[in-house]
Every structure is written in C-alpha cells, then in structure tokens.
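Visitor: Got a structure here, written out as structure tokens. Questions coming.
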C-alpha cells in the first residue's frame, strides 16, 4: 500500500517487521526495518529504487495495484545492493525497455548480481539532471563509498526532497513512516547503530560529502533514506549528527569487552570497571562479554567511548576465536582518537595480552603499555595493578 509523503510523491516500499539480521548475519535487527522505494507522479512517472529480492513479487504486485506499470517513464537506481535493486528482475520482465538511471558502477554491479539482460541503463554523474514536468527536475549526486562505490543520492526540486539512499537511514520499522512519529529513543538508538556499523568505515568521506551537498544551496524539506523513518521535521538534524559523529566522536565513556574460559578474565574486567568508577565517577562504564552479547551493540558503545579495554585468556598461543573475530570487525570500523588497554589470564605461555595490544594498534587505537596479565587466576597482586592501568587509560 502506498503512503504519500508530499504532494505527488509516495512511499511504495516494504515494511520488514520480522527481519532479524542484515548483510547475512553481520548486522542485528531488533526493531524491524524497511526497504524504502518511492514513486513520483508528475508529468513523468518515476520509480526511485525497488525492494529486497525476497519481496520482489509482492512489490511488483502492490505496484500494479497503484499504477499501470507501463506508465513508469524511468527508474532511478541509487544503489545496486540487492535490498535496493532486488526487485528489478521481476519488474523488468513487465517493462523491459524502461530506462534505468544510475552510475556506471551501479549498472556493472546490477549485472554482476542479476546477470546481463540488456536493460536500458542511462549513466549519470554528480550535477546531471532530468526534467520530470510541472517545473520540477531530479538532480543526481554521487555518494561514492557511502557505502558502496556505486552509491548516489537523488534530489527532487520543487518538493525539495533528498532521496539519500543508505545515508541518514536506520534499520527500524516505522509504520507511521516519519521520524517525528517514531519513538524518539528507539529512532536515535537505531540511527547511531546504523551509522557506526555501516557508515563509519567511510567517516572520512562523510564531512566532505555533506559540504558538497550544502554547496549546491538546495533547500531540503525532506530526507527520504532507503531504510527506516523519513526525516521531515527539521530534516537537517540527522545531517548535523552525521557531521558530528564522523569527526572522531567520543563521549565520557569507557567500554570493556572480553571473553573468558574459566571466569578469571571476567573478574579482571569487573575490577577494571569498578576502578574506573572509583577514579572517575562521572565516566560511563560499559562491560560486555563478546561471545554473549550483540557485536553491533558493543561497537556502538565503543564508538561512544574515549577508551576501551579488551580481554581474552590465552588459548593455544593465541586469543579466543570470539575475541579475534571481534577485533577484526573493530578494525573494519576505523575508529579514531581512542585509547585502549589489554588484559587476560593464562596458564601456559601467556601470549594473549601482547596479541590484543598488537591487534588494537593495527585497528588504529592508542594502546597504553599498562596491562593485566594474570597466571591461572587473578590475585590481589594482579588487582593492585589495575589502578595504574585505569589512571593511564583515563589520562
């Protein structure tokens, strides 16, 4: 069912209430999500993106109920990832000659995923535009690496809508459609989680792209992303947040992340948390067992933190596989300007602390020399080293 967002522009996407993971199992979904497709009906009828492959038949059937598919003058593919382009195979069987406006990289990716069907691709670049009637036009803005090489946004003049693709979205199902109608606590929780886990690896590009968009002096009344709620009440608030989040963001917080075998490393983690609170009562402390808690939620807290402490016991001259995988993901997110410390227990050789320190340095953290390396289980002698570690971590 379509939902009008402004004048002749409507949402025609899919509300995915049951979705639990995304990007395979890499991203956890706790409040549903949406795949947002938009229909513009001016003198020309334009479809902005489609929805994910599993829902392609429902999408085409719903679209048929709203319009005659042959009235679609062209399709805009802002991004080739299958949650955006996944219905094209079903849709293009109905209207095979319909032009698809996209970047060359987008066409290449679409063909790579779905095969070559000789679709009528029309290539565009930043600043290109197309008239859609009634004095309105669409302006294309490349968004390379936010978050794929093919990504772009599309701006509609007259109604002043920025179809922002994956930027400024959330994995969050909002039946009421608009951000001002959503639960604000959940909205911002999902917005920052989305930024951290999907956009942050390219944070260095975010500020430049925001400045470029601003340089066009385009009034923006609505930001319509590809996932989650649509921003219409002060839409630039999410743009301002992105600018802030992309600039080596941190709060007065320390996150402790660890895994354990026989609870010795757990005891060290808890003692570090207690000591942080003792030395700096205003500092927020978060403690997570990596193997038991959601990695995307942990990374969101790491993003907020000015420092982290990571722990693992030594297992066969290495660290636990849960911590190793977590550190690989940490490196991918490319956090900046954060301190880090390592800790852990061992029984035989005791390499875990050194390995964690090296992995944290590779991930871009400023690693302190102080560490806690406990033989078998932590003793008072080990615990007595924690105040100095915390002091250096907080300095």
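Numbering (my numbering), first residue to last: 20 to 414.
Yeah, the Cβ is synthetic: ideal placement off N, Cα and C, and Gly gets one too.
Only a predicted model underlies this, so the values are computations on that prediction, with no experimental measurement involved.
#1: With the cut-off set at 7 Å, would you say residue 215 and residue 319 are in Cβ contact?
#2: Just checking residue 360 against the ligand ZN - is the residue's beta carbon closer than 6 Å to any of the ligand's heavy atoms?
#3: With a CB to CB cut of under 8 Å and the five nearest residues on each side skipped, what residues in its chain are close to residue 237?
#4: Closer than 8 Å by C-beta to residue 286: which residues in its own chain qualify, once you throw out the five before and the five after it? Chain order, please.
#5: Name the two residues that bound the continuous alpha helix (DSSP H) containing residue 77.
#6: Does DSSP put residue 397 in a helix, a strand or coil?
#7: Below 8 Å, can you find three or more Cβ-Cβ pairs linking the region 349 to 367 to the region 231 to 245?
#8: Just the Cα atoms here: how many angstroms apart are residue 67 and residue 265?
#9: What does DSSP give as the partner residue(s) for residue 392 in the beta ladder?
#10: Do you know whose CA, among 208, 200 and 172, lies nearest residue 189's CA?
#11: Since residue 315 is in the alpha helix (DSSP H), which residue starts that stretch and which ends it?
#12: On the three-state DSSP scale, how would you describe residue 216?
#13: For residue 335, count the other beta carbons within 10 Å of its own beta carbon; 16 or more makes it buried, fewer makes it exposed. Which is it?
#14: Specify the secondary structure class of residue 293 as computed by DSSP and reduced to three states.
#15: Mind the definition here: the region 215 to 225 touches the region 254 to 269 only if three or more C-beta pairs lie below 8 Å; say whether that holds.
#16: What distance in whole Å lies between the Cβ atoms of residue 359 and residue 390, which are believed to be in contact at a cut-off of 8 Å?
#17: Under the three-state reduction of DSSP, which class applies to residue 276: helix, strand or coil?
Guide: For this structure:
#1: Taking 7 Å as the Cβ cut-off, residue 215 and residue 319 qualify as a contacting pair.
#2: As presented, the structure is devoid of all ligands, the ligand ZN included, so that no description of it is given.
#3: The answer, listed in chain order, is 158, 174, 176, 179 and 181.
#4: Counting only residues of its own chain and dropping the five nearest sequence neighbours on each side, residue 286 has a CB closer than 8 Å to the CB of 396 and 397.
#5: Segment 75 to 85, the alpha helix (DSSP H) holding residue 77.
#6: DSSP places residue 397 in coil when its eight states are reduced to three.
#7: Judged by Cβ distances under 8 Å, the region 349 to 367 makes no contact with the region 231 to 245, as fewer than three pairs qualify.
#8: Taking C-alpha positions only, residue 67 is separated from residue 265 by approximately 27 Å.
#9: Its beta-bridge partners are 363.
#10: The candidate whose alpha carbon is nearest that of residue 189 is 208.
#11: Residues 314 to 323.
#12: Three-state DSSP puts residue 216 in a helix.
#13: Counting every other CB atom within 10 Å of its CB across the protein chains shown gives residue 335 a total below 16, marking it as exposed.
#14: Helix.
#15: These segments touch.
#16: Taking a contact as a CB-CB distance under 8 Å, the pair residue 390 and residue 359 does not count as one, their CB atoms being some 10 Å apart.
#17: Residue state, collapsed to three classes: strand.
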